[in-house]
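Colleague: Each residue of the sequence shown is one higher than the one before, counting from 19 in my numbering. Don't be surprised by glycine CBs; every beta carbon is placed ideally from N, CA and C.
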Amino acid sequence: MNLAFFASHGGSNMQAVLDACSAGNLTAKPVLLISNNRKCLAIERAVTEALPIRVINRVTHPDPDERDAAMLHELLEHHAELIVLAGYMKHLGPRVIARYRNRILNIHPALLPKFGGQGMYGAFVHQAVIAAKETITGVTVHLVDEEYDHGQILAQTEVPVFPEDDAASLSARVLQREHTFLVEVLSGIVSGQIRLPAAP
Ligand code: GRF
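Here it is in structure tokens:
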């Protein structure tokens, strides 16, 4: 299974998947990183791993339709079969979403449908979980459609919230679990244990 990643910042989830592939714990082949952010750590990680990188953003392609077309072109050129949004802070365009419908995954650091939607990213998610006095949060891997954090949920796992947690401590605990869970879910997809709806 050829994997393409979209990432905007740290890329630690992408790294976890790359590591699992190198270690032989996940039978998949990373083929491409697309990022909007030329200076992100995800790109540095991809350089280290010799993973092909394309920076596609409003500067390289000011027209949204051309940006969408350029992304689709790269995905097809690299024979991407499954796309993993690993901390990607932009919307995908309609061409990519249509061509890869049911083959785009996102990882979200909470138990959707709670604590999702526009503006629910990074520390905001964990602050909202703490403000709601939740005792359990978690990780969700879901399919991506046209709406933020909205597509079909594929898998979830729980992570405890402790009374002394702040957004930073909770985020660290959830992120650590994201790394193992994303690999578990991808393994499930590769093995057929997790069945994706039909591709276009
Ligand atoms: C993760 O918390 C993920 O759930 C969210 O963005 C964060 C990305 O972290 N979508 P990283 O870039 O993989 O380190």
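Does the beta-carbon of Asn31, which I'm using as the reference point, lie nearer than 7 Å to any heavy atom of the ligand GRF?
Modeller: Against the sequence shown, residue 31 aligns to sequence position 13. True, at least one ligand heavy atom lies under 7 Å from that Cβ.
Colleague: Using the three-state DSSP reduction, which class does Pro112 fall into: helix, strand or coil?
Modeller: Residue mapping note: residue 112 aligns to position 94 of the sequence shown, counting from 1. Of the three classes helix, strand and coil, the one that applies to Pro112 here is helix, per DSSP.
Colleague: If you draw a straight line from the C-alpha of Ala102 to the C-alpha of Thr175, how long is it?
Modeller: Numbered from its first residue, the sequence shown carries residue 102 at position 84. Numbered from its first residue, the sequence shown carries residue 175 at position 157. Note that residue 102 is Val in the sequence shown, not Ala. Rounded to the nearest angstrom, the two C-alpha atoms are 18 Å apart.
Colleague: To which residues of the same chain is Val201 closer than 8 Å at the C-beta, ignoring the five residues directly before and after it?
Modeller: For this step, residue 201 is matched to residue 183 along the sequence shown. The residues are Ala34, Val35, Ala38, Asn43, Leu44.
Colleague: I'd like to know whether the C-beta atoms of Gly134 and His27 end up nearer to each other than 8 Å.
Modeller: On the sequence shown, residue 134 is found 116 positions in, with the first residue counted as 1. On the sequence shown, residue 27 is found 9 positions in, with the first residue counted as 1. Taking 8 Å as the Cβ cut-off, Gly134 and His27 do not qualify as a contacting pair.
Colleague: In or out: His91 buried (at least 16 other Cβ within 10 Å) or exposed?
Modeller: Position 73 of the sequence shown, counted from the start, is the residue given in the question as residue 91. Exposed, since its Cβ has fewer than 16 Cβ neighbours within 10 Å.
Colleague: Apart from the five residues on each side of it in sequence, which residues of its chain come closer than 6 Å, Cβ to Cβ, to Arg195?
Modeller: As a working mapping, residue 195 is identified with position 177 in the sequence shown. Counting only Cβ-Cβ distances below 6 Å, and skipping sequence neighbours, we find Val157, Val177.
Colleague: Any heavy atom of the ligand GRF closer than 7 Å to the CB of Ala60?
Modeller: Taking the sequence shown and counting its residues from 1, one reaches residue 60 at position 42. Within the cutoff, so yes.
Colleague: When we look at the beta-carbon of Leu188 and count the other beta-carbons within 10 Å, is it buried (16 or more) or exposed?
Modeller: Here residue 188 corresponds to residue number 170 of the sequence shown, with the count starting at 1. Leu188 is buried by the Cβ-count criterion.
Colleague: So for Gln211, helix, strand or coil by DSSP?
Modeller: In the sequence shown, the residue the question calls residue 211 occupies position 193. DSSP places Gln211 in coil when its eight states are reduced to three.
Colleague: Is the separation between the beta-carbon of Ser30 and that of His197 shorter than 8 Å?
Modeller: Here residue 30 corresponds to residue number 12 of the sequence shown, with the count starting at 1. Here residue 197 corresponds to residue number 179 of the sequence shown, with the count starting at 1. Contact flag set, yes.
Colleague: Quick check on the DSSP output: the alpha helix (DSSP H) that includes Ile74 runs from which residue to which?
Modeller: Here residue 74 refers to the residue found at position 56 of the sequence shown. Here Ile74 belongs to no alpha helix (DSSP H), and DSSP marks it neither H nor E.
Colleague: Is Glu196 near the ligand GRF, judged by its Cβ being under 7 Å from some heavy atom?
Modeller: For the purposes of this step, residue 196 is identified with residue 178 of the sequence shown, where counting begins at 1. Flag set: Cβ of Glu196 near the ligand GRF.
Colleague: Measure the beta-carbon distance from Ala98 to Val49 and round it to whole angstroms, keeping in mind my assumption that it falls under 8 Å.
Modeller: On the sequence shown, residue 98 is found 80 positions in, with the first residue counted as 1. On the sequence shown, residue 49 is found 31 positions in, with the first residue counted as 1. At roughly 6 Å, the Cβ-Cβ gap stays under 8 Å, so Ala98 and Val49 are in contact.
Colleague: Tell me the rounded alpha-carbon separation between Phe142 and Met19.
Modeller: Locating residue 142 in the sequence shown gives position 124, counting from the first residue. Locating residue 19 in the sequence shown gives position 1, counting from the first residue. For Phe142 and Met19, the distance between alpha carbons rounds to 33 Å.
Colleague: Would you give the residue range spanned by the alpha helix (DSSP H) that Glu176 belongs to?
Modeller: To locate residue 176, count along the sequence shown from 1; it is residue 158. Where Glu176 is concerned, there is no enclosing alpha helix (DSSP H), although the beta strand (DSSP E) it sits in stretches over 171 to 178.
Colleague: For Gly105, is the beta carbon positioned less than 7 Å from some heavy atom of the ligand GRF?
Modeller: Numbered from its first residue, the sequence shown carries residue 105 at position 87. Because some heavy atom of the ligand GRF lies under 7 Å away, the Cβ of Gly105 counts as near it: yes.
Colleague: Just to confirm, are Asn120 and Ala216 a CB contact at a threshold of 8 Å?
Modeller: Residue mapping note: residue 120 aligns to position 102 of the sequence shown, counting from 1. Residue mapping note: residue 216 aligns to position 198 of the sequence shown, counting from 1. Yes. Within cutoff.
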